[in-house]
Structure formats: C-alpha cells, structure tokens
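A short write-up of the structure that comes next.
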Amino acid sequence: MAAGLGNTEITPDALGPAVARGIFATRHIPKEITKAAGLDLLRQVSVITPGVLGQTGIEAGELIKAAAEKIKPAAVIVIDALAAQSGDRLFKTVQLCDTGISPGSGVKNNRGEISEKTVGVPVIAIGVPTVIDADTLSERLTGISPEKKSEMFVTPKDVDMLTQRLPKLLEAINMFLQPETDPEIISALV
92 MAAGLGNTEI TPDALGPAVA RGIFATRHIP KEITKAAGLD LLRQVSVITP GVLGQTGIEA
152 GELIKAAAEK IKPAAVIVID ALAAQSGDRL FKTVQLCDTG ISPGSGVKNN RGEISEKTVG
212 VPVIAIGVPT VIDADTLSER LTGISPEKKS EMFVTPKDVD MLTQRLPKLL EAINMFLQPE
272 TDPEIISALV
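Heads up: the sequence shown runs through residues 92 to 281, numbered per my numbering.
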C-alpha cells in the first residue's frame with residue numbers, strides 16, 4: 092500500500108498526493124483480467140491520499156492504520172514533503188528510511204507517527220525537502236542566530252514547476268512495486 096501525505100492546496104506540501112496519483116493501483120483488478128492481459132505477475136497495490144487533519148478531521152496515520160488493518164498489505168510506503176536544514180537540499184535530495192515518519196514535524200506541526208509500531212506492518216518513508224525554516228536559512232547565510240523565532244518557511248520561487256516534476260522522478264516506486272512488469276507498460280496504464 093502506498094500513501095501520499097500532504098495538503099494538495101499548499102504547493103510545497105502537495106508532493107505526497109502528486110506522487111500517489113502516479114502510482115499504479117492494482118488491487119481492484121481481477122486476476123482473470125491481469126492474466127488475460129499478460130500481466131499475471133502484477134502485484135496488488137493500493138494507494139491512498141489521506142489529506143491532512145485540517146481538511147479531514149482525522150489524522151493521516153489513523154486513516155493509514157485503518158486501511159492497513161482492512162487490506163493487510165505486506166508494507167506501507169509513505170511519501171511526504173520534508174523541511175530541509177540546508178537550502179542546497181531543496182528539491183535535490185530524496186530521503187528513504189524504514190523507520191517511519193512523523194508528518195509535519197519539520198514545520199513544527201508534529202502529527203502522529205506513522206511507523207511499523209503504529210500501523211502494524213513495515214513502513215518505508217520517502218521524502219523530498221521542499222521548504223526550509225527561514226531562521227535556519229538566515230543563520231546559515233549570515234552566521235547569526237535570530238533572537239526572535241519567525242516560524243516562517245521558505246521555498247524556491249519555481250516551487251510549482253519543481254513539485255510537478257518530482258512525481259516523474261519518483262517513478263522508481265512503480266518499478267519497485269511491479270518488478271516483473273515493463274516500466275513502459277506501467278507508464279502507459281497510469
């Protein structure tokens with residue numbers, strides 16, 4: 092199961108849902124159809140975009156856990172935007188880990204942890220930094236730590252274009268989920 096975390100209404104936070112739209116969901120396709128299409132090695136994949144607490148009133152982790160309890164996936168892959176500690180890493184780094192993720196923690200809005208401990212199956216987290224804390228950026232540029240914290244975040248001026256390009260770069264998720272299927276066939280079906 093894959094889960095695209097984030098808020099589609101805020102461009103730097105829309106990465107997870109944008110990537111999720113490009114993941115080939117297959118759980119709903121009957122085995123007879125996949126076999127008839129020559130895709131009998133297709134793995135079952137489910138994709139969700141749980142939104143954010145402010146939109147749904149439900150923690151993303153709660154929705155992911157409920158879905159995982161129902162469909163019993165082998166693992167959950169979560170994709171989310173991150174906050175960088177260096178401007179040089181914005182839209183240039185991909186973080187991959189198997190310890191889960193705490194959505195919102197990079198922007199001081201810590202939500203419930205999404206991990207094997209909380210979901211019940213292994214969790215693979217993939218993140219790309221799309222914002223940097225203004226105070227961190229200022230300190231790195233000037234060497235002076237701000238006396239008063241601003242709680243502002245900065246993103247590149249071409250954030251729209253960069254956010255639209257990232258899902259294409261992360262097509263490797265489909266190749267990972269469907270290793271026995273030609274990537275060109277998956278691209279044509281998504």
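Idealized CB from N, CA, C, for every residue including glycine.
Fair warning: this is a prediction, and the values are worked out from it, not measured in the lab.
>> Using a Cβ distance threshold of 8 Å, determine whether the segment 200 to 215 contacts the segment 159 to 171, with at least three qualifying pairs required.
In response: yes
>> Residues in the same chain with beta-carbon distance under 6 Å from T102, minus the five sequence neighbours each way, listed in chain order, please.
In response: As a position in the sequence shown, residue 102 is number 11, starting the count at 1. Closer than 6 Å at the Cβ level, and outside the excluded window around T102, lie V250, D251, T254.
> Excluding five sequence neighbours on each side, which residues of the same chain lie with their C-beta closer than 6 Å to the C-beta of G203?
Replying inline: Here the question's residue 203 lines up with position 112 in the sequence shown. Counting only Cβ-Cβ distances below 6 Å, and skipping sequence neighbours, we find E150, G152.
>> Can you tell me whether M243 is buried or exposed? The criterion is at least 16 other CB atoms within 10 Å of its CB, across all chains shown.
In response: Residue numbering aside, residue 243 sits at position 152 when the sequence shown is read from its first letter. So M243 counts as exposed.
> Going by the CB atoms, is the gap between P108 and T99 shorter than 8 Å?
Replying inline: Within the sequence shown, residue 99 is the residue found at index 8, counting from 1. Within the sequence shown, residue 108 is the residue found at index 17, counting from 1. Yes, the Cβ-Cβ distance between T99 and P108 is below 8 Å.
> Of the choices L257, I114, A159, G234, whose alpha-carbon is the least far from that of N265?
Replying inline: Along the sequence shown, read from residue 1 onward, the residue named residue 265 stands at position 174. The candidate whose alpha carbon is nearest that of N265 is I114.
> Using the beta-carbon count (16 or more within 10 Å), is P220 buried or exposed?
Replying inline: For the purposes of this step, residue 220 is identified with residue 129 of the sequence shown, where counting begins at 1. Buried, because 16 or more other Cβ atoms sit within 10 Å of the Cβ of P220.
> With which residues is D171 paired in a DSSP beta bridge?
Replying inline: As a first step, residue 171 must be located in the sequence shown, where it is residue number 80. D171 is bridged to G218.
>> Tell me the DSSP secondary structure of Q186 in three-state form.
In response: As a working note, residue 186 is residue 95 in the sequence shown. Note: Q186 maps to strand in three-state DSSP.
> Are T209 and K156 closer than 8 Å when you measure CB to CB?
Replying inline: One-based indexing of the sequence shown puts residue 209 at position 118. One-based indexing of the sequence shown puts residue 156 at position 65. A contact, by the Cβ cut-off of 8 Å.
> Considering G107, what are the terminal residues of the alpha helix (DSSP H) in which it resides?
Replying inline: In the sequence shown, the residue the question calls residue 107 occupies position 16. Per DSSP, G107 belongs to the alpha helix (DSSP H) from 106 to 112.
> Using a Cβ-Cβ cut-off of 7 Å (strictly less than) and excluding sequence neighbours within five positions of G191, which residues of its own chain qualify?
Replying inline: Within the sequence shown, the letter at position 100 stands for residue 191. E204, I205, S206, E207, V214, A216, listed in sequence order.
> Looking at the structure shown, is D131 part of a helix, part of a strand, or coil, going by DSSP?
Replying inline: Within the sequence shown, numbered from 1, the residue matching residue 131 stands at position 40. DSSP places D131 in coil when its eight states are reduced to three.
> Would P194 pass as a contact of L96 if the rule is Cβ separation under 8 Å?
Replying inline: Reading the sequence shown from its first residue, position 103 is the one you call residue 194. Reading the sequence shown from its first residue, position 5 is the one you call residue 96. Yes, these two residues count as a Cβ contact at 8 Å.
> Residues in its own chain within less than 8 Å of L147 by CB, not counting five upstream and five downstream?
Replying inline: In the sequence shown, the residue the question calls residue 147 occupies position 56. Correcting the residue identity first, residue 147 is Thr in this sequence and not Leu. Same-chain partners within the cutoff: P141, L154.
>> Taking the alpha carbon of K188 as the reference point, which residue from D171, L181, G178, R180 has its own alpha carbon closest?
In response: For the purposes of this step, residue 188 is identified with residue 97 of the sequence shown, where counting begins at 1. Contrary to the premise, residue 188 reads as Cys rather than Lys in this sequence. Here the closest residue by C-alpha is D171.
> For V136, which of L130, E230, Q269, L280 has the nearest alpha-carbon?
Replying inline: Counting from 1 along the sequence shown, the entry for residue 136 is found at position 45. Taking only the C-alpha atoms, the option nearest V136 is Q269.
> Name the DSSP bridge partner or partners of F115?
Replying inline: Position 24 of the sequence shown holds residue 115. None, per the DSSP bridge assignment.
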